[in-house]
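When the letters of the sequence shown are read in order and numbered with the numbering used here, they come out as residues 33 to 167. Positions of the beta carbon are idealized from the N, C-alpha and C atoms, including for glycine. In what follows, a single structure is set out as structure tokens and then discussed.
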Amino acid sequence: NLAIQKNLYGVGIWALGYDGNREEIWKLIDKKFVNPTSVNITDQLPTEIVLYQNYPNPFNPNTVISYQLSVGGHVQLKVYDTLGRELTTLVDEFKQPGSYNCEWRIENGELPSGIYFYNIRVNGFSKTNKMVLLK
């Protein structure tokens with residue numbers, strides 16, 4: 033339980049009956065499991081805050097907005113019309129570093145075709161991208 037509480041992961045191997053003179057058990061284990069000298073992490077944490085272009089674009093009736101965070105912080109992701117009026121808040125919460133996807137769905141034709149903007153704000157960083165709703 034202590035390992036789980038501290039988010040520790042790994043494999044433990046016990047060789048029962050080992051008397052110190054039987055190297056063949058350890059040689060067998062060593063052939064199957066090697067001691068790593070480095071760790072290759074394929075899902076590295078992002079090194080910067082990025083707001084990606086939505087997809088699909090143009091869209092109808094929904095689109096996905098992806099972003100990545102290099103640091104944790106309070107994230108606000110909002111959508112605006114061309115007059116700068118806020119239409120919706122997609123995200124308004126603390127997020128850990130990582131990559132995220134957020135879907136925006138237009139219900140029952142509530143908005144006309146046109147250009148819309150989405151803006152992300154995190155720890156003083158702000159970025160805005162443009163998207164097109166095409167009916």
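Since residue i is in the beta strand (DSSP E), which residue starts that stretch and which ends it?
i       : result
Ser-131 : 130 to 137
Just the Cα atoms here: how many angstroms apart are residue i and residue j?
i       : j       : result
Ile-138 : Ser-158 : 24 Å
Asn-92  : Pro-129 : 30 Å
Pro-90  : Trp-136 : 13 Å
Val-96  : Tyr-87  : 5 Å
Leu-5   : Leu-143 : Absent from the structure is residue 5, since the part of the chain shown begins at 33 and ends at 167.
Val-111 : Asn-155 : 19 Å
Ser-102 : Met-163 : 24 Å
Thr-121 : Gly-141 : 18 Å
Arg-117 : Thr-79  : 32 Å
Lys-169 : His-106 : A query on residue 169 cannot be resolved here, the shown segment of the chain reaching from 33 to 167 and no further.
Asp-124 : Arg-153 : 10 Å
Thr-114 : Asn-161 : 12 Å
My output table needs one value for residue i: the three-state DSSP class, helix, strand or coil.
i       : result
Arg-153 : strand
Leu-119 : strand
Lys-167 : coil
Asn-140 : coil
Glu-80  : coil
Ser-177 : Within the shown structure, residues of the chain are numbered from 33 to 167, placing residue 177 beyond reach of any answer.
Under 8 Å by Cβ, that's how I've got residue i and residue j pegged, so tell me the actual separation to the nearest angstrom.
i       : j       : result
Ser-98  : Asn-133 : 5 Å
Gly-104 : Phe-126 : 7 Å
Gln-100 : Ile-81  : 7 Å
Alpha helix (DSSP H) segments (min. 4 residues) lying fully within the stretch 90 to 117: Considered as a whole, the stretch 90 to 117 harbours no complete run of any alpha helix (DSSP H) with no fewer than 4 residues.
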